[in-house]
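Structure, as structure tokens:
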Amino acid sequence: MPNMSLKKNEMPSQAPDARNKNFLEVALGYTEEQALDEAQRCLHCKNKPCVSGCPVQVRIPEFIEKAAAGDFEGAYQVIAQSSSLPAVCGRVCPQESQCEKHCVRGVKGEPVGIGRLERFVADWHNQHAQEAPKKPASNGHKVAVVGSGPAGLTCAGDLARLGYAVTVFEALHTAGGVLVYGIPEFRLPKAIVQKEIDGLKAMGVKIETNMVIGRVLSIDELLEQGFEAVFIGSGAGLPRFMNIPGENLKGVYSANEFLTRVNLMKAYKTSSGTPIHRARKVAVVGGGNVAMDAARCAKRLGAEEVYIVYRRSEKELPARAEEVEHAKEEGVIFKLLNNPIRILGDESGSVQGIECLEMALGEPDASGRRRPVEKAGSQFTLDVDCVIMAIGTSPNPLIKSTTEGLETQKWGGIIVEEETGLTSRENVYAGGDAVTGAATVILAMGAGKTAAKAIHESLSKK
Numbered sequence: 150m151p152n153m154s155l156k157k158n159e160m161p162s163q164a165p166d167a168r169n170k171n172f173l174e175v176a177l178g179y180t181e182e183q184a185l186d187e188a189q190r191c192l193h194c195k196n197k198p199c200v201s202g203c204p205v206q207v208r209i210p211e212f213i214e215k216a217a218a219g220d221f222e223g224a225y226q227v228i229a230q231s232s233s234l235p236a237v238c239g240r241v242c243p244q245e246s247q248c249e250k251h252c253v254r255g256v257k258g259e260p261v262g263i264g265r266l267e268r269f270v271a272d273w274h275n276q277h278a279q280e281a282p283k284k285p286a287s288n289g290h291k292v293a294v295v296g297s298g299p300a301g302l303t304c305a306g307d308l309a310r311l312g313y314a315v316t317v318f319e320a321l322h323t324a325g326g327v328l329v330y331g332i333p334e335f336r337l338p339k340a341i342v343q344k345e346i347d348g349l350k351a352m353g354v355k356i357e358t359n360m361v362i363g364r365v366l367s368i369d370e371l372l373e374q375g376f377e378a379v380f381i382g383s384g385a386g387l388p389r390f391m392n393i394p395g396e397n398l399k400g401v402y403s404a405n406e407f408l409t410r411v412n413l414m415k416a417y418k419t420s421s422g423t424p425i426h427r428a429r430k431v432a433v434v435g436g437g438n439v440a441m442d443a444a445r446c447a448k449r450l451g452a453e454e455v456y457i458v459y460r461r462s463e464k465e466l467p468a469r470a471e472e473v474e475h476a477k478e479e480g481v482i483f484k485l486l487n488n489p490i491r492i493l494g495d496e497s498g499s500v501q502g503i504e505c506l507e508m509a510l511g512e513p514d515a516s517g518r519r520r521p522v523e524k525a526g527s528q529f530t531l532d533v534d535c536v537i538m539a540i541g542t543s544p545n546p547l548i549k550s551t552t553e554g555l556e557t558q559k560w561g562g563i564i565v566e567e568e569t570g571l572t573s574r575e576n577v578y579a580g581g582d583a584v585t586g587a588a589t590v591i592l593a594m595g596a597g598k599t600a601a602k603a604i605h606e607s608l609s610k611k
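Each residue of the sequence shown is one higher than the one before, counting from 150 in the numbering used here.
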């Protein structure tokens, strides 16, 4: 009999007043008993609406059915047929706006905890699997992947399973892209990412680090070296700023730099050789997941007060509801309907405050959200000694500027055929944030799958 409880099983987690002082994972994961109970909430709908909400088309009812029967390894194998990064997706995907949004159980209660079950199954596999994935037989074709973030790793994994010799070129010294430099340890432990990467290596994927494509090698040189196709999944690592006075003061960071120092370079450890400003009071400008990550990291670095400064209301916050809730629980202060207009400095050129204007919501803009309107004479100053700009990113122009004939949007995104990921250059494909600008891990993975399928169909004809 199905479990007809209207509520999903709660996720065990660290207490807020403990976790805001450490970088250990916040969510602790389901117990086996909780996973079995949650899996039995699935009604196994005939039309499987949850699958339609998944960008990589995981066969969700099938994996949940196996989990409900206690066959956790079987459940993992179902997920692995569609997803190269199940332990990652179970932690950071916005299931509430994708698979779980379409769950029938969500009509009169809470949807099935699909993401929590995916995480449990993947973790169970990682703890119990005895054998590494086997390297498939070679099909004689060779493909290059630029970038080892979620798009690149997914494309590489799908192609490797089909027998392609895949080499991934990563600009940084560690593979994983945004999964290692952008998402904090307390949301996504780096050992989890490394485990997924090790699985791809076992299937024959080669990863070359410290390879800045466009500088060390060009896209054309990769093709000249015998790679029959190239997938560009180089992400969106170019930070945006507001162009307000004071952004060049000491103590102003882009969220990219701040999070890279913390996550990749482990600046939160006393033994780290990478310095970071341990501020007393911090203002994070922005309202997305990156802003929440930066604010929560600043709190863990010892800041007494951390503010989220966002020009719209809580309803318009683009961050996941869970991340907003966790930030509030950890003591982050939300200064909503406020917009920075100037960063103030002291005599030494260091941040000593941020001047803001109060806002009100007017008519909807092109995005459908109500446009913020300034309240005249409402200026006020927040006493801070660090400002982190988390207002978005765009693709680095390096590949565009070194690849003749590669068409891009005015803002830098590579133009592709939606159905295939093919760019304006023959045999060159792209996907993920390099195409869309900053988006979600799972959407990048979906783009990597799309391109892998198209590359396979193209090279199979040769």
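Glycine included, each C-beta is placed from N, C-alpha and C at the ideal position.
Residue i in three-state terms, based on DSSP
i: Glu373; result: helix
i: Cys242; result: coil
i: Tyr225; result: helix
i: Tyr330; result: helix
i: Pro204; result: coil
i: Ala176; result: strand
i: Cys535; result: strand
Nearest-angstrom Cα separation, counted from residue j out to residue i
i: Met391; j: Val401; result: 12 angstroms
i: Gly255; j: Arg190; result: 11 angstroms
i: Lys524; j: Val439; result: 27 angstroms
i: Lys602; j: Val433; result: 40 angstroms
i: Gln343; j: Leu506; result: 44 angstroms
i: Leu321; j: Val361; result: 8 angstroms
i: Val473; j: Gly554; result: 42 angstroms
i: Val261; j: Cys199; result: 10 angstroms
i: Glu479; j: Ala452; result: 12 angstroms
i: Ala176; j: Ser550; result: 42 angstroms
i: Tyr313; j: Gly306; result: 10 angstroms
i: Leu366; j: Ser497; result: 42 angstroms
i: His426; j: Arg168; result: 21 angstroms
i: Asp369; j: Ala596; result: 22 angstroms
i: Met352; j: His277; result: 19 angstroms
Segment limits, alpha helix (DSSP H) that includes residue i
i: Ile356; result: Element bounds for Ile356: not the alpha helix (DSSP H) but the beta strand (DSSP E), Lys355 to Glu357.
i: Val365; result: No alpha helix (DSSP H) contains Val365, which DSSP labels as neither H nor E.
i: Phe212; result: Ile209 to Ala217
i: Val439; result: Asn438 to Arg449
i: Ile591; result: Val590 to Leu608
i: Glu566; result: It is not in any alpha helix (DSSP H) - Glu566 carries neither H nor E in the DSSP assignment.
i: Val473; result: Ala470 to Glu478
i: Glu181; result: Glu181 to Ala188
i: Glu345; result: Lys339 to Ala351
i: Val584; result: Asp582 to Thr585
Opening and closing residue of the beta strand (DSSP E) in which residue i lies
i: Thr316; result: Ala314 to Phe318
i: Leu506; result: Val500 to Pro513
i: Pro116; result: Nothing can be reported for residue 116, as the shown portion of the chain is limited to 150 through 611.
i: Asn412; result: Counting along the chain, Asn412 falls outside any beta strand (DSSP E), though it belongs to the alpha helix (DSSP H) covering Ala404 to Asn412.
i: Glu454; result: Glu454 to Tyr459
i: Val270; result: Per DSSP, Val270 belongs to no beta strand (DSSP E); it is in the alpha helix (DSSP H), Ile263 to His277.
i: Ile490; result: Asn487 to Gly494
i: Ala579; result: Val577 to Ala579
i: Lys549; result: That residue, Lys549, is in no beta strand (DSSP E); its alpha helix (DSSP H) goes Leu547 to Thr551.
i: Val434; result: Lys430 to Val434
i: Arg519; result: Arg519 to Glu523
Cut-off 7 angstroms between Cβ atoms - residues of its own chain near residue i, not counting five sequence neighbours on either side
i: Gln244; result: Ile263 and Gly264
Same chain, Cβ closer than 6 angstroms to residue i, neighbours up to 5 away in sequence not counted
i: Pro388; result: Ser403, Asn405 and Thr542
Buried/exposed call for residue i, threshold 16 Cβ in 10 Å
i: Ala509; result: exposed
i: Leu450; result: buried
i: Trp560; result: exposed
i: Val522; result: exposed
i: Arg240; result: buried
i: Leu192; result: exposed
i: Ile548; result: buried
i: Gly511; result: exposed
Close beta carbons around residue i, own chain, < 8 angstroms, minus the five adjacent residues each side
i: Pro338; result: Glu174
Closer than 7 angstroms: residue i CB and nearest the ligand ZN heavy atom
i: Ser154; result: This structure simply doesn't include the ligand ZN, nor any ligand for that matter.
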